[in-house]
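As structure tokens, the structure follows; a few thoughts come after it.
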Amino acid sequence: MRTTPRWRWRLLRRQQSQRRDPKPLPKNGTGPATPLSSQKGKKTPQINGEDEKASTPNTNADAKAPASTPAKTPGKRGKKNKQNVEADSAGADQDDNASKALVTVNGDVVGKTPKKQDKKQKTKPKWSVSEPFGGWFLSQDPVFSRDEKHIVLANLRSLQIYSVETSLLEKELPIGSSGVSLTAYALSSTKPNHVYTADSSGLITLWDWTDGSKIGRWDIDANVRHLEVVTQPGTEQDLVFSHEAGNSHVVNVHALRTKSQASQTDLKRVVKSGNPISGFQVFAEGRVVVVASSYSIMIGKRTKLQKTALQEFEYTWREFKMPKRITAFNAYIREPEISVKGDKAVGDHKDHLDLAVGDESGVIHLFEDILTSFAAIEKSQKNRDSKDKSTQLDSLRPKRLHWHRTAVGSVKWSRDGNYLISGGDETVLVMWQLSTGKEQTLPHLTAAIENIVVSPLGAAYAVSLANNSVIVLSTSELQAKSNIIGLQSRRVDLEQLPKESPSANYSFDIFNKVPMVVDPKSKNHIIASIPSSQPRHHNAGVLPEPYLQTFDIANHRPVARQALTRNNATDPNMGPEGTRIREPSITHVQISHDGKWLATVDEWIPPRSDMTFLDEGIPEFNEEERTFRREVYLKFWQWDETANQWNLETRIDAPHFFEELSACGRVLDLVADPAGPGFATVGEDHYVRIWRPKTRLRDGVTVRGADKSKGLITWSLDRSVNVGDKLDDLEENANSSDVLAVRNSQLSFSEDGSALAVGVSWISDSDPGVLHVIDVEAGAIRRSITEVNVSDLAAVGIVGHHLVIVATALTVWDLIQDQLAYSMPIDTPGIDSFSRVPLVRFAVNPADGTFAVSLPHFEKKEFSSSRETRRFKRASSKVSIYEPVQAKAVWSSKVPGIALALSAAKGEKGYLILDSSSCVRIISPKGATFQLPSPLPETTVQTITDSMDVDEEAEVEIKEQSATLGLSLDALTESQENDKPVVRPEQLQQIFDVGPSHALPPVKDLFNAVVGLYARKPRHIAGAA
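Going by this note's numbering, the residue at position 209 of the sequence shown is 267; the numbering climbs one at a time, nothing skipped.
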């Protein structure tokens, strides 16, 4: 490649400065290029079509829309879709700028700014973050396919088709657009293989879920919350009813058409409500519509049944109010009995509508033939000529079914209308037999019940639980036919974002760290603590997390779930005073370097309601009494390969105990020894304790358990190091105020396990804290660093010979030179330095010598009528990757949500992030995530057929040599022709076992690698030669 002399650049700049009105070169020799930006004001065609090609708008603004493109949905404010026009304008501008940047100098066309382009190429990001996976299912009823072989679920990013028989994901239909979330979905009523989806951008998409193809898309410019699909009377077309939320709540009916009928796309408003709509149902081809809000039910019935055109859909509405908040409802239309005298006229059709409504007190109100009741009440009001036309609940005389102690989570009618199925926070499925009034229960489900669906044939129930799982039960035996489970980690909804107030009286505890580790035995498995239940209808703050879930991030499915503390799955979960019993919560989880041992810390503290008998009117005293009754357990678990679960080997009560106070101190951090079996803890008692396993002996004889070949192992304290304030040891006569003065403390092992770094920050703001470097073998402090301010300590890590501290600033200390390497300030908008400490995430990856830091960012609302009640607009995390030798982030990116956990990959480069929406993202370096294994070089014997120009003398020499070695040339050639390469299973495993699915190489590379194994030349065996 020829280089441009420096004098040419000077001439180039001189010519450019002399040109006052430079003109671009002609485009394709037809004159100057006209940017499309001047055409942005023209309207683009409607997004619709049979597939992706058909759904692409015409980029020519002057061209007319194709015949299959429907007009804009009537009745809505027009939404200009400028995306495609702006994209084409950008492309034209790039061509224009490219032509301006080319200037002729001495007959050569020279680029104008090649140096800047080279710099841009050099500064390409070396790391990338994957698309999120996991997440919670939408809070919408699951949908059965018509043959009941599949069940349709959805999360914010995709529609998912699961097999009922295997509980496995068979197909996923992604939304595809970044920042767009799926909001609702419903099956077509006319074609069982079609499904409608609505997203946050205002698009309704029609899919064929059997092959994943898009059939049509319509931009309705609305925030759709719920969809219902019925058949249009007299046709084989769908009518889509949608609940659209904005300044008001509206139910509209859409006739969405494609292909030659695209011009028939139409819209009709059904009802508008000033109160938020919680749900609605549509029956009998749109003849009856039931709409529910927080405290009222509206029932609409069509008046012009003879007319089937969409614009002729007119409804008469009746409304009644409930004294308590409505939490669930379901309606059922009974088929009219066939008259012996003949069919009635269409206009005289009578609908028998039964309605079940559940409220927040646990009562189910049953209304039988509610339309007839409305007619009787209206007739009586007309005869009395009363001014008050409102309908009260008592006038409808509903039946009351009361079994649930708390709010009814869901209620549904059976297909024959003889049963009601309900569920709630009690984790019990209740079946009501209406003819006798008796109920049958299915207790001890794993979490609160949120949604219940009866299959089309009535042979199964689909039950959505509040732990991100769906169970399919057979109606005859009530046995589980399918169990679909997602990632069950802590979920933080938008409503749970803390309030922003000048007094700063809000808490960020909901974003506290979720204990999570990567399993060294299987690098695609993450292990995280999870709560037992997370109901959506009430936000109770931070919930206990007594369970441990193992999740396969490569196949996006759970592997195991195990309880590590006492729980209320099969025990009564309500106290004598009606308060819910809280389980202990897992606060720390670490796994040994070989994956054989697991260490956990769980903590339980009595609720404030149980401490009223000690209340003396002093809040500080009451809180101190609660802390004195705290229970803390350090548990060591051994992996059982036979049972595929963790077995508890040792439980240590109160690992950091205050002798003077007879109280349990909290464990502030737990780390695993990277070089051997061992763990270290640091607690409020100012001690670092190192725990090691040992074989149990009795009178000098090894104690053996079920496995006679191995002795029983117990864990005990190996080393204990006092890390008192600064360099002074903790005095023996220290009072309780000094003992409980620790604000935070963090630990980190060196890569070889020989050193242990501990940072301690104190409650006193005047004390900058201290860092200690401990000799693990000797159990002594070798160096105390007081030059670094760690008053707001968040994390400590050792990377090579560098000590990394995340506190008021990001500081790197060189342990060999014993001096400061560099320090950088930390900026966290929306949160102060003290409140951000439990929200900072930190991880070290020894595979590449990097460390990652995640910092919270909260965006405030700029305009609000009430400052005391406004909440943060949104939350995000800034994730940065650093190298200890470089005082600048190697890579940085902002991800939605607050990172609740950050872990390094095991044995390879990269990090994993678990955010507040229960989604996992993988950060990995570009171009280094996967390397195909190449076959070993092989020595082959060259025969006559390999070389066509061998003369006769050479052939004789070859024959003589072969005869000397005991092999004839013919036998050697025959053995090579018949020999086939032997491919071992581990060779194929090296090709396909590459970690997460996002790290897979192109299919072409996989194919070439497999062909390289089977099509290689046979090896030469030395013994045969």
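A virtual CB, placed ideally from N, CA and C, is assigned to each residue, including glycine. If you're wondering where the values come from, they're calculated on a predicted model, not measured in any experiment.
Note down the Cα distance separating residue i from residue j, rounded to an integer number of angstroms.
i: R473; j: V659; result: 49 Å
i: A538; j: V201; result: 17 Å
i: S806; j: F916; result: 29 Å
i: V210; j: D257; result: 16 Å
i: P665; j: V511; result: 36 Å
i: K693; j: L706; result: 7 Å
i: I821; j: Y745; result: 17 Å
i: H208; j: K581; result: 31 Å
i: T623; j: G827; result: 34 Å
i: N1066; j: K984; result: 21 Å
i: S950; j: F299; result: 44 Å
i: S720; j: P593; result: 37 Å
i: V572; j: V550; result: 12 Å
i: A520; j: I568; result: 30 Å
i: E966; j: Q944; result: 21 Å
On a CA-only basis, which of the options is nearest residue i? Give me that one, please.
i: S188; options: I542, L692, R979, L217; result: R979
i: L861; options: H744, F900, I542, G274; result: F900
i: Q290; options: V253, F371, T760; result: F371
i: N541; options: G907, V530, T908, F387; result: V530
i: M882; options: V846, A905, G337, L601; result: V846
i: D199; options: V725, N213, A657, G192; result: N213
i: S974; options: L958, G965, S221, R932; result: L958
i: H583; options: S591, P589, M574, K752; result: M574
i: H460; options: K496, I611, N476; result: K496
i: R640; options: H614, F432, V828, D668; result: D668
i: L363; options: K408, V857, S186; result: K408
i: I422; options: Y691, G482, K437; result: G482
i: W749; options: A910, P713, Q491; result: P713
i: K457; options: W265, Y880, G467, E426; result: E426
i: H859; options: Q877, L314, V848; result: Q877
Just to confirm, is the Cβ distance from residue i to residue j under 7 Å?
i: L217; j: L231; result: yes
i: A524; j: E508; result: yes
i: S976; j: S547; result: yes
i: Q339; j: A389; result: yes
i: D727; j: Q804; result: yes
i: L515; j: E206; result: yes
i: I585; j: T608; result: yes
i: S246; j: V287; result: yes
i: K936; j: L913; result: yes
i: G817; j: P732; result: no
i: I435; j: S419; result: no
i: V309; j: V328; result: yes
i: L368; j: A414; result: no
i: L261; j: I273; result: no
i: I543; j: E603; result: no
i: V1041; j: L1064; result: no
Helix, strand or coil: which one does DSSP assign to residue i?
i: D850; result: coil
i: F191; result: strand
i: Q319; result: helix
i: E286; result: strand
i: I874; result: coil
i: T866; result: coil
i: A465; result: coil
i: K946; result: coil
i: D1063; result: helix
i: G1070; result: helix
i: P896; result: helix
i: Q1045; result: helix
Measuring from the CB of residue i, is there a heavy atom of the ligand GDP at a distance below 6 Å?
i: G516; result: Only the bare structure without any ligand can be found here, which leaves the ligand GDP out of the picture.
Unbroken stretches of the beta strand (DSSP E), 3 residues or longer, contained in the region 542-629: The region 542-629 contains these whole beta strand (DSSP E) runs: 574-576, 583-588, 605-610, 615-621.
Whole beta strand (DSSP E) elements within the region 628-683, 3-residue minimum: The qualifying runs are 643-649, 655-662.
In chain order, each beta strand (DSSP E) run of at least 3 residues that lies wholly inside the region 341-421: As for any beta strand (DSSP E) of minimum length 3 sitting wholly inside the region 341-421, the runs are 346-351, 354-360, 373-379, 384-392, 410-417, ordered along the chain.
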